[in-house]
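Quick note: to get the working numbering, add 89 to the position in the sequence shown (first position is 1).
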Amino acid sequence: MDLQSITNELKVRKEELESRNERTHKHTYQKEQPVSPNFNEQVKETENDALVMALEAEGVEELAQVNTALKRIEDGDYLNCAACGEDIGEERLHAIPYTDHCIKCAS
């Protein structure tokens, strides 16, 4: 398995997530526009905010997983399941490069 290629892929994903998380955070918490006087518009804005907050939470979680994967590569633990210690499997790592569990333990 080419760990350098996976490391590069994870670093690119990390940059993408950091950028997206910054944008979603700004959208949610640094609004410059006043609240619309139209109730229907307020409902739409609230729904949009909820969606953006869910995307932000998902991005924060994935970023933590990417950072953990990069640390596991650095520590030499990347190929082994964090739960049972067995080999995670190359096919699984290519599909989900930030996973830390083999398919058996993830089920």
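All C-beta atoms, glycine included, are put in the ideal place defined by N, C-alpha and C. Predicted model, so just to flag it, every value in this text is computed and none were measured.
Item                                                                                                 : Value
6 Å CB neighbourhood of C170 in its chain, flanking five on each side removed                        : I177, H190, C191 and C194
Residue environment, V239, which counts as buried when at least 16 other CB atoms sit within 10 Å    : Nothing about residue 239 can be reported from this structure: the residues present for the chain run from 90 to 196 only.
Burial state of P123, where buried means 16 or more other Cβ atoms lie within 10 Å                   : exposed
Three-state class that DSSP yields for D91 in the structure shown                                    : coil
Span separating the alpha-carbon of S196 from that of G148                                           : 23 Å
Straight-line gap, E175 to E111 (C-alpha atoms, nearest Å)                                           : 36 Å
Cross-strand partners of N169 (DSSP beta bridge)                                                     : D176
8 Å Cβ cutoff met for L106 and L152                                                                  : yes
Cβ neighbours of C145 in the same chain (closer than 7 Å, five flanking residues each side left out) : A small correction: the amino acid at residue 145 is Glu; Cys does not occupy that position in the sequence shown. Correct list, in chain order: N110, T113, H114 and T117.
Contact under 8 Å by Cβ, A158 with P126                                                              : no
Unbroken alpha helix (DSSP H) run spanning C194, endpoints                                           : I192 to A195
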